[in-house]
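Enquirer: Residue numbers (full-length UniProt numbering), protein chains in the order written: chain V, 1 to 161; chain B, 1 to 161. C-beta: ideal position from N, C-alpha, C; glycine also. Dropping the structure in here first, questions after.
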DNA sequence: GGGCAAATGTTGCATTTGAAACAGTTTTCG
DNA sequence: CGAAAACTGTTTCAAATGCAACATTTGCCC
């Protein structure tokens with residue numbers, strides 16, 4: 001079989017290429033790693049989160065979160081405080097500087113993503129979104145028994161939570 | 001905006017989760033890295049390739065190829081010889097042991113991939129394939145001027161080659 | 001209450017990865 | 001012909017990553 005015809009290969013290569021287009025923006029132009037980008041994204045939306053909520057809404061493991069958060073704190077883009085109610089947990093909050101940086105980066109990243117997606121015919125774009133959503137459900141279904149570590153994003157329903 | 005609604009995030013997370021399911025097979029059970037897996041895949045199909053052909057058909061850069069090939073050679077799964085016609089190039093060939101290992105791994109990896117894909121309704125699966133193909137074309141179109149390093153797979157037409 | 005298991009975040013260490021420098025070969029052009 | 005430029009694969013070095021051990025805190029059970 002030719003590798004170009006193997007669907008998992010095609011999916012991985014295309015997803016990497018798409019991701020690379022966006023990393024080129026928030027990475028090179030704003031100095032953010034993928035994990036830092038995701039944490040800022042979450043915090044810009046939520047304002048503040050404790051680590052339990054964060055673990056549920058991100059597909060990063062605890063080491064990645066800890067390290068990305070350290071760097072974001074060094075850059076003064078977020079703050080991290082020990083939670084009083086349970087001193088094992090942390091409360092993460094985005095700073096004004098973090099909001100500013102994220103919003104500027106998001107404008108450019110979103111524009112780049114749209115530029116690519118809008119180069120697709122609308123029907124193809126709809127097919128892609130439908131297919132991705134369905135694949136996500138299929139993976140969740142097939143891997144149900146195991147721990148969902150980074151398998152997918154939280155969703156309503158009987159699975160997860 | 002909620003990160004779960006940001007399409008590039010959804011695509012990246014789903015693609016990683018899918019990939020992880022397959023790496024769990026060829027990685028843990030057959031000791032192959034992603035790059036080694038791809039090289040073996042190509043060579044099992046072609047039998048033997050020189051480095052120029054290889055660079056065209058893989059989405060790996062030269063460093064990744066060099067290192068993966070070294071390991072495969074150590075494991076006696078491929079052979080590497082300097083090409084007489086141009087001593088900068090190498091000829092890669094798969095060994096019998098390499099074929100055997102790859103075929104066994106491919107059976108299991110393909111089965112795992114099918115298990116997931118067949119958990120999708122046929123219409124959704126068709127949508128996914130259509131969408132992925134279209135996204136690949138869109139990325140190639142938008143990034144046309146730059147070097148296509150790992151951007152996509154080779155295709156007929158005016159671009160690349 | 002007191003000890004033990006579970007949960008959480010962090011750190012250490014070995015491996016992997018990426019970018020640039022490098023060495024060897026070929027091509028170009030004067 | 002010969003020097004310089006271009007090309008290819010490998011190596012080097014610093015940074016990133018993954019996994020396991022660790023320290024701290026909490027919940028459990030007697």
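Using CA coordinates, which residue listed in V:16, V:4, V:30, V:137 is at the minimum distance from residue 105 of chain V?
Expert: Residue 105 of chain V sits at position 105 when you count from the first residue of the first chain. Comparing Cα positions, the closest option is V:30.
Enquirer: If we ignore side chains and look at the alpha-carbon of each, how far apart do residue 8 of chain V and residue 76 of chain V end up?
Expert: By one-based count along the first chain, residue 8 of chain V stands at place 8. By one-based count along the first chain, residue 76 of chain V stands at place 76. Straight-line Cα distance between these residues: approximately 40 Å.
Enquirer: Is the CB-CB distance between residue 131 of chain V and residue 117 of chain B below 8 Å?
Expert: In the first chain, residue 131 of chain V corresponds to position 131, counting from 1. In the second chain, residue 117 of chain B corresponds to position 117, counting from 1. No, Cβ-Cβ distance for residue 131 of chain V and residue 117 of chain B is not below 8 Å.
Enquirer: In chain V, what lies closer than 8 Å to residue 107 of chain B by C-beta?
Expert: The sequence position of residue 107 of chain B within the second chain is 107, counting from 1. The contacting residues do not exist; residue 107 of chain B stays about 12 Å from chain V at best.
Enquirer: Counting pairs of Cβ atoms below 8 Å between the segment 31-45 of chain V and the segment 100-115 of chain V, do you hit three or more?
Expert: With a cut-off of 8 Å, the segment 100-115 of chain V and the segment 31-45 of chain V count as touching, because enough Cβ pairs lie within range.
Enquirer: Residue 11 of chain V versus chain B: which residues are under 7 Å apart at the beta carbon?
Expert: Walking along the first chain from the start, residue 11 of chain V turns up at place 11. Within chain B, the residues near residue 11 of chain V are 15, 18, 132.
Enquirer: For a cutoff of 8 Å on Cβ pairs, would you count residue 124 of chain V as touching chain B?
Expert: One-based indexing of the first chain puts residue 124 of chain V at position 124. So yes, residue 124 of chain V belongs to the interface.
Enquirer: For residue 42 of chain V, which residues in chain B fall below 7 Å Cβ to Cβ?
Expert: Taking the first chain and counting its residues from 1, the one referred to as residue 42 of chain V is at position 42. Here the neighbours are 3.
Enquirer: Any idea if residue 35 of chain B is buried or exposed, counting beta-carbon neighbours within 10 angstroms, 16 or more meaning buried?
Expert: Taking the second chain and counting its residues from 1, one reaches residue 35 of chain B at position 35. Looking at its Cβ environment, which holds 16 or more other Cβ atoms inside 10 Å, residue 35 of chain B is buried.
Enquirer: Note down, in chain order, each residue of its chain lying with its Cβ closer than 7 Å to the Cβ of residue 197 of chain B, except the 5 sequence neighbours on either side.
Expert: Because chain B in this structure spans residues 1 to 161, residue 197 of chain B falls outside the shown range and cannot be described.
Enquirer: At 7 Å on the CB atoms, spell out the chain V contacts of residue 53 of chain B, in chain order.
Expert: In the second chain, the residue the question calls residue 53 of chain B occupies position 53. Near residue 53 of chain B there are no residues of chain V at all, since even the closest Cβ is about 13 Å away, more than 7 Å.
Enquirer: Looking only at its own chain, which residues have a Cβ that is under 6 Å from the Cβ of residue 68 of chain V, when we skip the five neighbours before and after it?
Expert: Taking the first residue of the first chain as position 1, residue 68 of chain V is located at position 68. These residues qualify, in order along the chain: 35, 36, 39.
Enquirer: Go ahead and label residue 59 of chain B buried or exposed: buried means 16 or more other beta carbons lie within 10 angstroms of its beta carbon, across all protein chains shown.
Expert: Along the second chain, one-based indexing puts residue 59 of chain B at 59. With 16 or more Cβ atoms within 10 Å of its Cβ, residue 59 of chain B is classed as buried.
Enquirer: Residue 115 of chain V and residue 142 of chain B - do their beta-carbons sit closer together than 8 Å?
Expert: Position 142 of the second chain holds residue 142 of chain B. Position 115 of the first chain holds residue 115 of chain V. Yes, Cβ-Cβ distance for residue 142 of chain B and residue 115 of chain V is below 8 Å.
Enquirer: To test your reading of the DSSP string, which unbroken beta strand (DSSP E) runs of 3 or more residues are found completely within the segment 40-101 of chain B?
Expert: With a minimum length of 3 residues, the continuous beta strand (DSSP E) runs that stay inside the segment 40-101 of chain B are 48-50, 78-82, 90-94.
Enquirer: Examine chain V for any beta-carbon lying closer than 8 Å to the beta-carbon of residue 129 of chain B, and answer yes or no.
Expert: Locating residue 129 of chain B in the second chain gives position 129, counting from the first residue. By this cut-off, residue 129 of chain B is an interface position.
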